[in-house]
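Numbering (my numbering), first residue to last: 4 to 368.
Right, dumping it as structure tokens:
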């Protein structure tokens, strides 16, 4: 009885319905049997037999469901106990979660998925690598680090400008994709490995003109070392205000996942490894006055200006966009107007416009 009450209180809707049907079927058995004896009704005898079989089947089914629920409960209990043990161990030994994930293959890896619920992990604190620690890195130490964290050969070097959620600030990192996950090995005071399921990354976002301070940004690069020289090519490009006496500097950033933003010089590696769409939200991309082909050319131009792609890469992207537009179902007038608008905004040259006008004419001809 206690088990039945517990099920009605805490069980799922399907389980409650199944239990209710089982009880009803069980209660129907004596009723049908008494009616069959008193009324000498053959149909009620058949009803009694059927009710018995139905009740037995439902009880067995419920038993299976109950066992499954028990197993799930036990699994949740085990996971809770494991988390409590890790937290307790951390307090006694001083070993951090991310250090646990860096041990040899015989130990269980406990990588941090930044999409975990906030209450499942302690909030990390910013632990930027110090200038002194940077100088301790040599080729041997870097090689050992990459081996320790199982960094793939097809990895990329990047600079993570910031991530508020994960408490990252201007940090060198190794980036790779493996086992359906996006990986970052952050070179902090204690190296930190972050893993994000690849299906959680649907696009690369854009932050334009973020205020910056060239004198204080990426302070560790003020010193020359093997580590800083490796990552120096990924420092951000800065732009400046055109207003007289305004010395404000800006940088453009590219983001993935839970707000992890990279320098513009690191963005090429993001596009190469992830192969996802580039999402820009501004007046142009939200405008109803231009079509998707113009918007795609506009985004490609942003990538060119930010040194994410070179001139050849830009020409390839523009050719793909214009070829798709020439073969699309938009009207001839809209096609011509879009080419003119692209020229006016210096997204394409007149040679490109003339060539793809010819492509469109051949298709229509």
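The C-beta atom is built at its ideal place from N, Cα and C for all residues, glycine as well.
When the Cα atoms are used, what is the spatial distance from residue 235 to residue 289?
-> 35 Å
Does DSSP put residue 64 in a helix, a strand or coil?
-> Any reading at residue 64 needs caution, since the residue's pLDDT is 48, under 50, leaving its predicted position unreliable; the model's value is listed next. In this structure, residue 64 counts as helix in the three-state DSSP scheme.
According to the Cβ coordinates, are residue 366 and residue 330 closer than 9 Å?
-> yes
Spatial neighbours of residue 209 within its chain, please: CB distance less than 8 Å, with the 5 preceding and 5 following residues excluded, ordered by chain position.
-> 255, 256, 257, 258, 281, 282, 283, 284, 305
Quick one: Cα of residue 137 to Cα of residue 223, how far?
-> 7 Å
CB-CB under 8 Å to residue 205, same chain, minus the five flanking residues each way: which ones, in chain order?
-> 279, 280
Would you report the Cα separation of residue 269 and residue 131, rounded to the nearest angstrom?
-> 19 Å
Between which two residues does the alpha helix (DSSP H) containing residue 319 stretch?
-> 314-329
Quick one: using the 10 Å Cβ neighbour count with 16 as the cut-off for buried, is residue 2 buried or exposed?
-> With the chain covering only 4 through 368, there is no way to say anything about residue 2.
Would you be able to state if there are at least three C-beta pairs under 8 Å between the stretch 217-232 and the stretch 177-189?
-> no
Just how far apart, CA to CA, sit residue 169 and residue 336?
-> 50 Å
List in chain order: all unbroken alpha helix (DSSP H) runs of 4+ residues lying wholly within the stretch 229-269.
-> 229-234
Do residue 237 and residue 175 have their CB atoms nearer than 9 Å?
-> yes
Looking only at DSSP bridge pairs, what is residue 206 linked to?
-> 280
Can you tell which of 339, 194, 252, 163 has the C-alpha that lies nearest to the C-alpha of residue 150?
-> 194
Ends of the alpha helix (DSSP H) at residue 335?
-> 335-347
Taking the continuous beta strand (DSSP E) assigned at residue 189, which residues delimit it?
-> 184-189
Per DSSP, which one or two residues make a beta bridge with residue 172?
-> 165
Residue 297 to residue 291, Cα distance in whole Å?
-> 11 Å
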